[in-house]
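Under this note's numbering, the first residue of the sequence shown carries the number 410, and numbering increases by one thereafter.
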Amino acid sequence: MPTLQPFKSFLAGEAHSTATPQRRHGTKFLLKIFLGISLAATLALGIGLCVWWQSLGLFNLDKAKIASLANFKYQDNSIVYDRNGTKIGEFFDEYHLFTRYEDLPNDFINALIATEDRHFFAHSGVDFGGILRAISTKLKLHSSSQGGGASTITQQLARSVFLTNEKSLSRKMTEIAYSLELERTISKKKIMELYVNTMFLGNGAYGVGAASKRYFGKNIEDLSPAQSAMIAGLFQSPSRYNPKKFPERAKKRQRQVIAAMLRNRMITKKVAREIAAAPLEYREYNFLNSQSASWFVDYVRETLPKLGDLTTQDGKHANNNGYRIYTTLDSGLQTLAEKSVHSNDSKLNELSLKTGLVPDSVIGSLKHSRVEASMLVTDPNTGDVLAMVGGRDYKKSQFNRAASALRSPGSAFKPIVYTEALLRGSKWSDLLYVSPINIANYRPKSEESDYLTETTLLRAFYRSMNAPALDLAQKIGIPAIIHRAKSLGVRSPIKDEFGSALGSSDISMMDLSRMYGTFASGGLLTEIDPILKITSADGKILWERPSLPARQKRVLNPQISYLMTQGMRAVLSQGTGAASKDLAEFSAGKTGTSNNSSDNWFCGYTRDLVSIVWVGTDEHTPIHANVSGGALALPIWDQFMRGSRLTRHQRAFPRPLGIAEAEINPRYGNISDGGMKMSFLEKNMPVESNSPLEELENRSSGGFRHAFHN
């Protein structure tokens, strides 16, 4: 029986050349069919047992957790908005971007179903036909020729949420049981929504919304059919088909998705060719935080922990809680502030080459200190942060100089000294004699031309003379000045020394904003706050800023506030800020320069805006040039204020009751026709003196000191 020999030899494991290739191939095929049928029968039996065991409650399923998926709280980035509802930032640890089922494009749903589970809307959690097709595919060694494998979308979700990736029959049976229970408990649309929002899709993206942003810089509803097909192909293996790392693999996978859609008659051949031919242009998504208002968004993040238990609700961090954070930022003013700072880049770059040249013994060269700049804009009436620029380049330095730096304010601190003097009975026409002063070995410098001359209190203020300010501080006392500074909103510690009267103690830009805001609002101190409210993703209010009366208190009477405002208007009209004299009609402010010009300020305001500008070096190194707050900070402030007039109506400061005016000689303090117009308390108006020398003699004999005790 020679015809039986090859078969017997095959059973014995021998290879004989007498068997033809066709007969050997047929034998292997029959064996594969036999094994396939056996496997299918075993799996079918297992599934049958699984369904039966589940009906008897033999699986230890967490049904409460399954039911909770109906109201599943997705991890979602927290989004930051400006005051008009425009997105300006986002917080996240892992990049999530929730997408409702209703917002999924049809092209994407078709592509996903064609490749992952073509009978998704028909089966009850397990696709028995899909299992047999998967077995057949494996037997034919064409692992990706058929769309839809053995695991349905429901099974993949069950495995992701409830199980591990362990490969065992018991795990597979439990997965099937969970899938059947999922389908019984929640809707198909909800299962699809959960699936597309929770699966990792590579490049740090979780869910289709995040993947759309990370790969194409688009919202998912804006994807093209070609882009939808590419993202749908990532679910099988996001690391293998990551288009950033493996663009050729990603393109091949996309074509497999398109072929599956064609097989399932979701598209025509013509459309399939068009989609396949469409180029896939990937681009890195620039997160909102790096596009504009970067330092402000960081400041908002730092503010969140101060809002009580908000950031720890449900045991989750604010980054992934899906908060919607509505802020006070005015994007128009923010853009204007950024442009104003950057418009001076060339000047600041030039100064950087001359500044802080320090020999480096290690590398034998010289180091330059970069000249930085920052700006803070607030609303004095509400405490809103309207704009914040923490430096010149966020990519180079994320340090927020507008919120975190402590710097010497120089003469920008002097309004506190003069406020206390006016409260104690001094008036702008009071006559002083300027001479060098030495207090406890502290010798402040003034312009040489100011020494040995008479001047009024107002002229000493708007010309920013040091000796008169220190003389006032000596008579008032440093403790009283510190107390007044605290009442006007300065929170940073102030040293109990005479140099503090001239701004030697480091304070923050926030301190200065509160202080100048108090003058702008007529004596009302308002807490600065960048956040209006915080809601959940579905609009539920989680936190809301307290009402204005709860954040505001009167710390200065309107009359003294007005006198100080008039004094700071004179700074602009004819003092150290005279380069912007035409802005004095609606604006007021004060320059400030520390020793060696390492800190240069202009602090200015209108009735509705307080804008603080600082220029200096982070290392406190001197700027080796003839510069000051009026030369460096004022031009930035000037550009911003002129630009703000296009959107903000500038109003004159209202004169309160109890204020009178008189024309005064600014040097000698006597009433003089054609003199400088000065404001006074009605009860403290100047009187006509016989001569400036008589007035000076009276004050030298004790009248000036007496004024502080009235």
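Idealized CB from N, CA, C, for every residue including glycine. Remember, predicted model here, so these are calculated numbers, not experimental data.
Kindly identify the DSSP beta-bridge partner or partners of residue i.
{"i": "V1019", "result": "T787, Y1014"}
{"i": "S487", "result": "F500"}
{"i": "Q961", "result": "T935"}
{"i": "T865", "result": "L840"}
{"i": "D793", "result": "D938"}
{"i": "L1090", "result": "I1068"}
{"i": "E953", "result": "K942"}
{"i": "H505", "result": "Y615"}
{"i": "E781", "result": "G1025"}
{"i": "Y735", "result": "Y490, K942"}
{"i": "I916", "result": "R816"}
{"i": "N730", "result": "D485"}
{"i": "I1080", "result": "I1073"}
{"i": "L798", "result": "Here the sequence assigns Val to residue 798, which means Leu is not the residue at that position. Note: V798 sits in a beta bridge opposite M784."}
In whole angstroms, give me the CA-to-CA distance for residue i and residue j.
{"i": "E503", "j": "Y587", "result": "27 Å"}
{"i": "A894", "j": "I969", "result": "15 Å"}
{"i": "Y803", "j": "G626", "result": "21 Å"}
{"i": "I684", "j": "N628", "result": "19 Å"}
{"i": "I488", "j": "E690", "result": "27 Å"}
{"i": "A620", "j": "A614", "result": "5 Å"}
{"i": "S755", "j": "H1033", "result": "16 Å"}
{"i": "W688", "j": "E759", "result": "The sequence shown places Pro at residue 688, rather than the Trp named in the question. Each residue's Cα considered, the two are about 46 Å apart."}
{"i": "W461", "j": "D485", "result": "With a pLDDT of 49 at W461, under the threshold of 50, the modelled position of that residue is not reliable, and no figure is offered here."}
{"i": "A987", "j": "Q807", "result": "34 Å"}
{"i": "S401", "j": "L1043", "result": "Coverage of the chain is limited to positions 410 through 1119, which leaves residue 401 absent and any answer about it impossible."}
{"i": "K679", "j": "P652", "result": "25 Å"}
{"i": "S761", "j": "A979", "result": "32 Å"}
{"i": "I475", "j": "R672", "result": "34 Å"}
{"i": "Y1077", "j": "S817", "result": "32 Å"}
{"i": "H1115", "j": "V780", "result": "Any answer about H1115 is weak, because its pLDDT of 34 lies below 50 and its placement is not dependable; what the coordinates show is given next. Those two C-alpha atoms are separated by around 46 Å."}
{"i": "S552", "j": "E657", "result": "Note that S552 scores 44 on pLDDT, short of 50, meaning its location in the model is unreliable and no value can be drawn from it."}
{"i": "G932", "j": "R692", "result": "52 Å"}
{"i": "A821", "j": "T1000", "result": "6 Å"}
{"i": "R801", "j": "D920", "result": "21 Å"}
{"i": "I640", "j": "L610", "result": "8 Å"}
{"i": "D1082", "j": "N809", "result": "50 Å"}
{"i": "N1122", "j": "M608", "result": "Because the chain in this structure spans residues 410 to 1119, residue 1122 falls outside the shown range and cannot be described."}
{"i": "T1015", "j": "N790", "result": "11 Å"}
{"i": "F928", "j": "I943", "result": "31 Å"}
{"i": "T1056", "j": "Q663", "result": "50 Å"}
{"i": "S560", "j": "K654", "result": "27 Å"}
{"i": "G1067", "j": "A997", "result": "21 Å"}
{"i": "F1011", "j": "E1097", "result": "36 Å"}
{"i": "R1064", "j": "S778", "result": "46 Å"}
{"i": "K622", "j": "D947", "result": "21 Å"}
{"i": "I891", "j": "Y490", "result": "38 Å"}
Relative to the C-alpha of residue i, which candidate in the options has its C-alpha closest?
{"i": "F1049", "options": "T677, G1013, N1079, S970", "result": "G1013"}
{"i": "S637", "options": "E584, M670, N612, F655", "result": "M670"}
{"i": "Y510", "options": "A479, K598, L572", "result": "K598"}
{"i": "T563", "options": "E1097, F517, I887, T594", "result": "T594"}
{"i": "S896", "options": "G926, W1023, R1057", "result": "G926"}
{"i": "P939", "options": "R580, R900, I1045, A702", "result": "A702"}
{"i": "E711", "options": "A1042, S945, F500", "result": "F500"}
{"i": "K715", "options": "W952, A473, L965", "result": "W952"}
{"i": "L972", "options": "W1023, N1035, F1062, W1010", "result": "F1062"}
{"i": "Q743", "options": "G1052, K661, P1095", "result": "G1052"}
{"i": "S813", "options": "D1027, V964, I885", "result": "D1027"}
{"i": "P824", "options": "L879, V786, T864, L785", "result": "L879"}
{"i": "L470", "options": "D516, L572, R810, L1066", "result": "L572"}
{"i": "V798", "options": "S914, P514, K748", "result": "K748"}
{"i": "A869", "options": "N966, T985, S783", "result": "T985"}
{"i": "L840", "options": "L832, T862, A659", "result": "T862"}
{"i": "W1023", "options": "R963, L965, D915", "result": "D915"}
{"i": "L643", "options": "D631, V666, M1085, L795", "result": "V666"}
{"i": "Q975", "options": "L795, A523, Y871", "result": "Y871"}
Compute the beta-carbon to beta-carbon distance between residue i and residue j, rounded to the nearest angstrom, for a pair I have assumed lies under 8 Å.
{"i": "Y732", "j": "N606", "result": "Contact flag wrong, Cβ pair sits at about 17 Å."}
{"i": "G717", "j": "I937", "result": "Not a contact, Cβ separation roughly 18 Å."}
{"i": "D1008", "j": "G834", "result": "Their Cβ separation, rounded to whole angstroms, is 32 Å, which puts D1008 and G834 out of contact at 8 Å."}
{"i": "A876", "j": "I846", "result": "5 Å"}
{"i": "S917", "j": "L815", "result": "6 Å"}
{"i": "P1075", "j": "L738", "result": "Contact flag wrong, Cβ pair sits at about 41 Å."}
{"i": "K836", "j": "P1095", "result": "6 Å"}
Those runs of the alpha helix (DSSP H) which lie wholly inside the segment 980-1066 and span at least 4 residues
Entirely contained in the segment 980-1066, the alpha helix (DSSP H) runs reaching 4 residues are, in chain order, 1038-1053.
Quick check on the DSSP output: what are the complete alpha helix (DSSP H) runs of length 4 or more inside the segment 654-709, in order along the chain?
Here the runs fully enclosed are 656-672, 678-686.
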